[in-house]
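> Going down the list, the sequences are from chains R and B. Start counting the first sequence at 1; every next residue gets the next number (the numbering used here). Start counting the second sequence at 148; every next residue gets the next number (the numbering used here). No residue lacks a Cβ here, since even glycine has one placed at the ideal position from N, Cα and C. Only a predicted model underlies this, so the values are computations on that prediction, with no experimental measurement involved.
Protein chains: 2
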Amino acid sequence: MRFDQPPPEPLASATGFLLSWNGQRMAHLFARALAPLGLRPPHFGLLTLIDAEPGRTQQELVASSMIDPSSMVANLDELEQLGLAERRQNPADRRKHAVHLTRRGASTLAKARKVAVGLAADALSPLDDAERETLRLLLRKLAGIED
Amino acid sequence: MRFDQPPPEPLASATGFLLSWNGQRMAHLFARALAPLGLRPPHFGLLTLIDAEPGRTQQELVASSMIDPSSMVANLDELEQLGLAERRQNPADRRKHAVHLTRRGASTLAKARKVAVGLAADALSPLDDAERETLRLLLRKLAGIED
DNA sequence: TATTGTTATACTCTATAACTATA
DNA sequence: TATAGTTATAGAGTATAACAATA
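1. What does residue 131/R reach in chain B if we use C-beta pairs closer than 7 Å?
2. Using a cut-off of 7 Å between C-beta atoms, extract the partners of residue 8/R located in chain B.
3. Once the 5 residues before and after residue 28/R are set aside, which same chain residues still bring their CB inside 8 Å of it?
4. Is residue 225/B helix, strand or coil when you go by DSSP?
5. Would you report the Cα separation of residue 60/R and residue 33/R, rounded to the nearest angstrom?
6. Residues of the region 68-80 of chain R in Cβ contact with chain B at a cutoff of 9 Å, in chain order, please.
7. Name the chain R residues that come within less than 8 Å of residue 162/B, Cβ to Cβ?
8. Might you give, ordered along the chain, the residues of its own chain that have their beta carbon closer than 7 Å to the beta carbon of residue 72/R, omitting 5 neighbours on each side?
9. Could you compute how far the alpha carbon of residue 144/R sits from the alpha carbon of residue 202/B?
10. Taking Cβ positions only, does residue 55/R come closer than 8 Å to chain B?
11. Specify the secondary structure class of residue 210/B as computed by DSSP and reduced to three states.
12. Using the Cα positions of residue 120/R and residue 83/R, report the straight-line distance between them to the nearest angstrom.
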């Protein structure tokens, strides 16, 4: 898909289509902005979740993320290979792995956050601050988040 | 990706992430709603564009859509196999194909539109009418559409 | 030599389900 | 018998670039 020009009418009149278009465009831009760090968007989400509550098991991460179990394995494998996260053994139950960030993982996450903030500022530039906040609140409500 | 629960904090605080999440969720739901008609989302977009201006060449459709040339061929092949669209020869330039809907294509498009309208009503149900219109206008502005 | 359309191919991403180990 | 994690595999979807035909 190409996102180099505004979407064509009459599709661009429908809210559902606009939502898909803007969302997929944002995902696309984010993937590209993250690539120089060697990360893909799910990596960023996972690093963020591990950082928010270190030591969770993979299943707990599956439950609180959008990633299914087999993709979780693959993504954590990649983060380990990059030296950004590690699985630690739980002595009480050797089936369970506690997932932590490495020091390098924490610093890479900080860099990635800067990339994300910069991209958002750029991609949302057609809107002023008040409009951005209105959009954010509408999207939270739409996503089913209670405030 | 799973979209069966609201996205996790702290990701769900960022407008960019919310945009991706809602957009991909909508695309996902739309793909599923369209499947019983034997269509995928690009088919719907293409049928809509052909209907809006019948007789365009494939290149013109490429230029005014988000679909790249080789995917355009594949998508039109599929629409022809389904009996929904047809390539007509241009006598003046035999390289160019004029793309039209068949009668069946027009009626399938009408059905698909109903599906799309129903899905949008459903997926946007957390918002009231005024909020939906605000969202629509913000998304148009964000997409770079001048009003 | 440029344009229109097509084909072939390779790649990313993900989902499904089967499998291993521990409990 | 149930749970945590893993592996293997197949499938959808898309992008890249080479190719054929017509102009």
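To lay it out plainly:
1. The contact set of residue 131/R on chain B, defined by CB atoms closer than 7 Å, consists of 285 in chain order.
2. Listed along the chain, the chain B residues whose CB falls inside 7 Å of the CB of residue 8/R are 196, 211 and 212.
3. The residues 1 and 3, in chain order, have a CB closer than 8 Å to that of residue 28/R in the same chain once the five nearest residues on each side in sequence are set aside.
4. Annotated three-state conformation of residue 225/B is helix, per DSSP.
5. Cα to Cα, the separation comes out at about 28 Å.
6. Of all residues in the region 68-80 of chain R, 68 and 71 have a Cβ within less than 9 Å of some Cβ in chain B.
7. Think of a sphere of 8 Å around the beta carbon of residue 162/B: the chain R residues whose beta carbon falls inside it are 120, 124, 132, 135, 136 and 139, in chain order.
8. The residues are 58, 61 and 62.
9. Distance between the alpha carbons of residue 144/R and residue 202/B is about 43 Å.
10. Chain B, which has no Cβ nearer than 8 Å to the Cβ of residue 55/R, makes this no.
11. The three-state secondary structure of residue 210/B, taken from DSSP, is helix.
12. C-alpha of residue 120/R to C-alpha of residue 83/R: approximately 27 Å in a straight line.
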